[in-house]
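Down below is the structure, laid out as structure tokens.
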Amino acid sequence: METTLVLLKPDCVAGRKVGEVIKRFEDAGFQIRGAKMFVPGAEILKEHYAHLLAKPFFPDLEAFMQSTPVVALALASENAVERVRTIIGPTDSKKADPGTVRGDFGVDVMVNIVHASDSNENAAIELKRFFAPDELFDYAMHYTTTARSAEPVH
Ligand code: UDP
Ligand code: MG
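Residues -17 to 136 (this note's numbering) make up the sequence shown, in order.
Structure representation (structure tokens):
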């Protein structure tokens, strides 16, 4: 099993697509090992987008990423990194096929609904960046109930 990091970006949150996007991952068999909402600070964004720091669009990207809270997800399955990248489609939403998350809901190359780790190495780094150890859970995908009192509950 692999675990990968997904961020639901401000266009996803503001566009009320959080449920829809999570549903796609759940329907595809991913287990949610962690989930949280926060506004990413300047430092974490500089780290997370270090490969884009020198680009002229970096200030716009930072403003976009801080324009609402984002939702971070830790998603697990076999081959999770590659499977998530396939489900979301390429970076540029305009080049993403219909049926992919970015193809269906994204606007352009910046405003593209989701972030997802692009390698196992980066998934490990990014999971550490956004989740404390006690915010990631290992659990079986079934539930149990315990016997309850025969007394009716009012
Ligand atoms: N991005 C952008 N303009 C570009 C390339 C990237 O605004 O020309 C933004 C976009 O939001 C993208 C993020 O920077 O998702 C990270 O870029 P990367 O190349 O890592 O793409 P991703 O891994 O998200 O597909
Ligand atoms: Mg990337």
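For every residue, glycine included, the Cβ atom is placed at its ideal position computed from N, Cα and C.
Could you compute how far the alpha carbon of residue i sits from the alpha carbon of residue j?
i	j	result
residue 17	residue -12	10 Å
residue 100	residue 128	42 Å
residue 114	residue 102	18 Å
residue 68	residue 3	14 Å
residue 107	residue 136	50 Å
residue -1	residue 44	21 Å
Among residues of its own chain, excluding the 5 on either side of residue i, which ones have a beta-carbon nearer than 8 Å to its beta-carbon?
i	result
residue 62	-17, -16, -15, -14, 12 and 105
residue 66	-14, -12, 7, 12, 57, 98 and 99
residue 10	59, 65 and 69
Taking only heavy atoms of the ligand UDP into account, decide whether any of them is closer than 6 Å to the Cβ of residue i.
i	result
residue 91	yes
residue 97	yes
residue 86	no
residue -7	no
residue 43	yes
residue 102	no
residue 61	no
residue 39	yes
Under 6 Å Cβ to Cβ from residue i, same chain only, skipping five residues before and after it: list those, please.
i	result
residue 74	91
residue 54	-11, 18 and 112
What I want to know is whether the C-beta of residue i ends up closer than 6 Å to one or more non-hydrogen atoms of the ligand MG.
i	result
residue 74	no
Would you check if the distance between the CB atom of residue i and the CB atom of residue j is smaller than 7 Å?
i	j	result
residue 20	residue 51	yes
Exercise for the section: For the segment 22 to 30 and the segment -5 to 6, state whether three or more C-beta atom pairs, one from each stretch, are separated by less than 8 Å. Expected result: With the cut-off at 8 Å, the segment 22 to 30 and the segment -5 to 6 do not touch.
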